[in-house]
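Here is the structure we will look at.
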Amino acid sequence: MQSPDDRFATAAIWTPGRLVADIAATLRFFSRLPVPRVNSHDDPAALPDFRRAAAVTPLSGLAIALPGVAVFLLASLTALPATVAVLLGLSVNIALTGALHEDGLADVADGFFGAGAPDRRLEIMKDSRIGAFGTLALILSLALKAALLATLAARFGAGAAALGWLAVESGSRVALVGVWRALPAARPGGLSALCGAPTRRAFVCALVFAGPVYAVCVAAYSPAALLLAALGQSLAGYGVARIAMAKIAGQTGDVLGATQQLACLAGLTGLCILV
Numbered sequence: 008m009q010s011p012d013d014r015f016a017t018a019a020i021w022t023p024g025r026l027v028a029d030i031a032a033t034l035r036f037f038s039r040l041p042v043p044r045v046n047s048h049d050d051p052a053a054l055p056d057f058r059r060a061a062a063v064t065p066l067s068g069l070a071i072a073l074p075g076v077a078v079f080l081l082a083s084l085t086a087l088p089a090t091v092a093v094l095l096g097l098s099v100n101i102a103l104t105g106a107l108h109e110d111g112l113a114d115v116a117d118g119f120f121g122a123g124a125p126d127r128r129l130e131i132m133k134d135s136r137i138g139a140f141g142t143l144a145l146i147l148s149l150a151l152k153a154a155l156l157a158t159l160a161a162r163f164g165a166g167a168a169a170l171g172w173l174a175v176e177s178g179s180r181v182a183l184v185g186v187w188r189a190l191p192a193a194r195p196g197g198l199s200a201l202c203g204a205p206t207r208r209a210f211v212c213a214l215v216f217a218g219p220v221y222a223v224c225v226a227a228y229s230p231a232a233l234l235l236a237a238l239g240q241s242l243a244g245y246g247v248a249r250i251a252m253a254k255i256a257g258q259t260g261d262v263l264g265a266t267q268q269l270a271c272l273a274g275l276t277g278l279c280i281l282v
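Just so we're on the same page, my numbering is the position in the sequence shown counted from 1, plus 7.
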């Protein structure tokens with residue numbers, strides 16, 4: 008009997024049609040973009056099969072971030088302060104995703120630090136109400152992201168800040184896929200379990216797809232800064248995985264969303280550390 012990785016390796020998945028269908032499916036899953044059916048391989052009513060589709064999440068993450076980055080660049084052409092331009096761009100991205108990953112970060116903060124027993128933590132994370140830890144996590148996350156992006160814009164220019172923004176958004180999805188693959192589902196009936204865990208090859212392909220986005224940034228940042236950004240995103244994913252295993256013995260969709268947000272912050276911090 009073939010393992011999931013073997014089936015992934017032998018399936019005819021790398022045809023252009025299947026690749027486009029997976030990108031469309033992940034765009035629908037992670038955003039509110041009205042993506043129509045793109046071809047015969049695409050089923051808008053079905054959940055993505057993330058055993059395979061996880062490979063293209065860096066590409067869909069890049070596409071989802073583009074409108075907000077474009078708004079930031081347009082606002083940067085005016086006399087608006089860099090922080091305002093960044094906040095406008097972030098607002099667009101949050102609207103397009105329905106604050107999907109931000110909600111995950113808030114739920115994780117409330118669940119992990121507001122209760123003692125794993126079952127109670129999972130219960131809190133499923134609650135739609137937000138607590139003090141979740142509120143503070145969202146405020147600090149948004150403030151840090153805006154400050155870091157404004158710093159990049161002031162130091163290197165709006166164009167370089169836009170490139171860095173896109174790179175860390177793409178790279179943060181690799182961290183998300185890594186945690187998803189590494190940890191078992193903490194809630195067997197949860198969405199992350201229903202969609203299937205990414206295979207090893209899907210994770211490797213996600214790395215490959217994110218690589219060129221980082222490579223383009225060589226035009227604006229030193230290799231050392233890019234290395235720090237990539238290392239920071241990797242450490243963020245590793246840290247979330249360790250904490251999640253200790254707190255709830257696995258991952259949930261909220262944990263994956265928190266991973267994306269924290270990896271994004273870690274990547275931006277890496278870009279800002281060196282002058």
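Ideal Cβ placement from N, Cα and C applies to all residues, glycine included. These figures come from a predicted structure and were not determined experimentally.
Between the CA atoms of residue j and residue i - distance to the nearest angstrom
i: V211; j: T158; result: 32 Å
i: V45; j: P23; result: 11 Å
i: A231; j: V262; result: 29 Å
i: A32; j: A102; result: 19 Å
i: L97; j: P195; result: 33 Å
i: D56; j: S38; result: 16 Å
i: L198; j: I255; result: 16 Å
i: L250; j: L54; result: The sequence shown places Ile at residue 250, rather than the Leu named in the question. Those two C-alpha atoms are separated by around 28 Å.
i: D49; j: G121; result: 41 Å
i: A213; j: R180; result: 8 Å
i: F119; j: S47; result: 42 Å
i: P11; j: L107; result: The pLDDT assigned to P11 is 45, lower than 50, so where the model puts this residue is not dependable; a value taken from the coordinates is nonetheless given after this. Spanning the two alpha carbons is a distance of roughly 28 Å.
i: G123; j: R35; result: 35 Å
i: A193; j: T85; result: 47 Å
i: P191; j: A253; result: 12 Å
i: F15; j: G274; result: Note on F15: pLDDT 44, under 50, position unreliable in the model; the coordinate value appears next. Approximately 30 Å between the Cα atoms of the pair.
i: Q267; j: A243; result: 9 Å
C-beta atoms of residue i and residue j nearer than 9 Å
i: A61; j: V175; result: no
i: G178; j: V220; result: yes
i: L156; j: G171; result: yes
i: G277; j: A217; result: no
i: L26; j: S148; result: no
i: L112; j: A265; result: yes
i: Q240; j: A248; result: no
i: R58; j: A204; result: yes
i: L286; j: A169; result: The structure shown does not extend to residue 286, since the chain is modelled only from 8 to 282, so the question has no answer here.
i: P74; j: V99; result: yes
i: P52; j: L173; result: The residue asked about is misnamed: residue 52 is Ala in this sequence, not Pro. Not closer than 9 Å, so no.
i: A167; j: Y245; result: no
i: D7; j: V63; result: Residue 7 lies beyond the stretch modelled for the chain, which goes from 8 to 282, so this question has no answer here.
Buried/exposed call for residue i, threshold 16 Cβ in 10 Å
i: A82; result: buried
i: R207; result: exposed
i: L281; result: exposed
i: L233; result: buried
i: E109; result: buried
i: G284; result: The question about residue 284 has no answer, for the chain in this structure spans 8 to 282.
i: I146; result: exposed
i: G127; result: Note on identity: in this sequence residue 127 is Arg, with Gly being the wrong assignment. Exposed, by the Cβ-count rule.
i: T17; result: Annotation note: pLDDT 38 at T17 (below 50); position unreliable, coordinate value reported separately. Counting Cβ neighbours within 10 Å, T17 comes out exposed, since fewer than 16 surround it.
i: L201; result: exposed
i: V76; result: buried
i: A226; result: exposed
i: G105; result: exposed
Limits of the unbroken alpha helix (DSSP H) element including residue i
i: Y245; result: 230–255
i: L84; result: No alpha helix (DSSP H) contains L84, which DSSP labels as neither H nor E.
i: G111; result: 107–121
i: C271; result: 260–280
i: S148; result: 139–163
i: R194; result: No alpha helix (DSSP H) holds R194; DSSP gives it neither H nor E.
Closer than 9 Å to chain B by CB, residue i
i: P23; result: Absent from the structure: chain B. Only one protein chain is present.
The segment 135–154 contacting the segment 184–197, beta-carbon criterion three pairs below 8 Å = no
Would you check if the segment 62–69 and the segment 84–98 touch, i.e. whether three or more CB-CB distances between them fall below 8 Å?
-> no
Decide yes or no for the touch test of the segment 125–138 against the segment 159–167: beta carbon pairs closer than 8 Å, at least 3 of them.
-> no
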